[in-house]
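Before any comments, here is the structure.
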Amino acid sequence: MTVTVKFFASLREQTGCDRVDITIEQSCSVKAIWKMSTSLTLDPHILVAINHAYRDQESDVCDGDEVAFFPPVTGG
Amino acid sequence: MIISLRTKSFNPWNEIQNAQTSMDFAGAFGATAVFVGTMRDFNEGDQVTEMDLEYYPGMTEKELQRLCFEVTQDSPVLEVLVVHRVGKIYPGDDIVLVCVWSAHRAAAFDSCRSIMEILKHRAPFWKKERLIDRHRWVEKNTSG
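First to last, the sequence lines map onto chains A and B. All residue numbers for the first sequence refer to our numbering, where the first residue is 25 and numbers rise by one. All residue numbers for the second sequence refer to our numbering, where the first residue is 6 and numbers rise by one.
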């Protein structure tokens, strides 16, 4: 099963990566996906989206999902 | 509901006029509330010379649609227009336009303010400022 992981803004710079495809054997948590994607610590303030919708860090991730990690937003 | 992201500068007053011209409810609205956010050349005591506004293609547009729907679903709003810049922005450039039309002023005022406040906390945009001697990410919104 493949999951696409994306990092935005300062997280992209910190991880040195904007996108990575990772393989998982079964559905797992957002926190597990983070650990498979980067050696950085998952700060509780980091926001998570799955398939373009906000989710929390405890959410489950399934095959084919796009998981995005990003810092608090600052638009407008 | 009209949502638009722009990579080039835009004129908010032309956007409002164009949207209003294309509407099919002329005569139905008696109130138009507008908010325009413009880039300053200072932030947190530093001079800012330019800004790069990053977004999440696909999600940002959907989130703008979602939050506008949430704000207006139980309100007698006739139409909403949101235009937001992305990419390189310079002091004096307009960043965001929120315009709401309704029959009476309360719905237009309230919805315009709510859309703007929720946008700042939910829409996936991130600002990176260029200062005189360095770059920095904007980490929090101003209080209002």
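Backbone N, C-alpha and C fix where the C-beta goes; we use that ideal spot for every residue, glycine too.
- Message: Given this structure, state the Cα-to-Cα distance separating V76(B) from V97(A), to the nearest angstrom.
- Response: 19 Å
- Assign I74(A) to one of two classes, buried (16 or more other C-beta atoms within 10 Å of its C-beta) or exposed (fewer than that). buried
- Task: With DSSP collapsed to three states, give me the class of R118(B).
- Result: helix
- Message: Taking 8 Å as the limit between beta carbons, can you name the residues of its chain near R11(B), skipping five residues before and five after?
- Response: V88, H89, R90 and V91
- Message: Since A128(B) and E59(B) should fall inside the 8 Å C-beta cutoff, what is the C-beta to C-beta distance between them, to a whole number of angstroms?
- Response: A128(B) to E59(B), Cβ: 12 Å. No contact.
- Message: Can you tell me where the alpha helix (DSSP H) holding S34(A) begins and where it ends?
- Response: A33 to T39
- Task: Could you round the C-beta distance between L102(B) and V41(B) to whole angstroms and report it? I think they count as a contact, below 8 Å.
- Result: 5 Å
- Task: Please specify which runs of the alpha helix (DSSP H), each continuous and at least 4 residues long, are wholly inside the stretch 42-89 of chain A, giving them in chain order.
- Result: 54-61
- Message: Considering Cα atoms alone, identify which of F34(B), R141(B) and D79(B) is closest to C104(B).
- Response: F34(B)
- Query: Quick one: does A31(B) have its CB under 7 Å from some CB of chain A?
  - Reply: no
- Query: So which of D79(B), M64(B), R141(B) and Q70(B) has the shortest CA-CA distance to L86(B)?
  - Reply: Q70(B)
- Message: Among A38(B), M64(B), F30(B) and A112(B), whose alpha-carbon lies nearest the alpha-carbon of P17(B)?
- Response: A38(B)
- Task: Could you check what DSSP says for Q52(B) in three-state terms: helix, strand or coil?
- Result: strand
- Query: When DSSP labels each residue in this structure, what does I123(B) get in the three-state scheme?
  - Reply: helix
- Residues near V91(A) in its chain [Cβ-Cβ closer than 8 Å; skip 5 each side]: V27, T28, V29, K30, V54, I57, V72, A73, I74 and V85
- Message: Strictly under 7 Å for the Cβ-Cβ distance: is S34(A) near chain B by that measure?
- Response: yes
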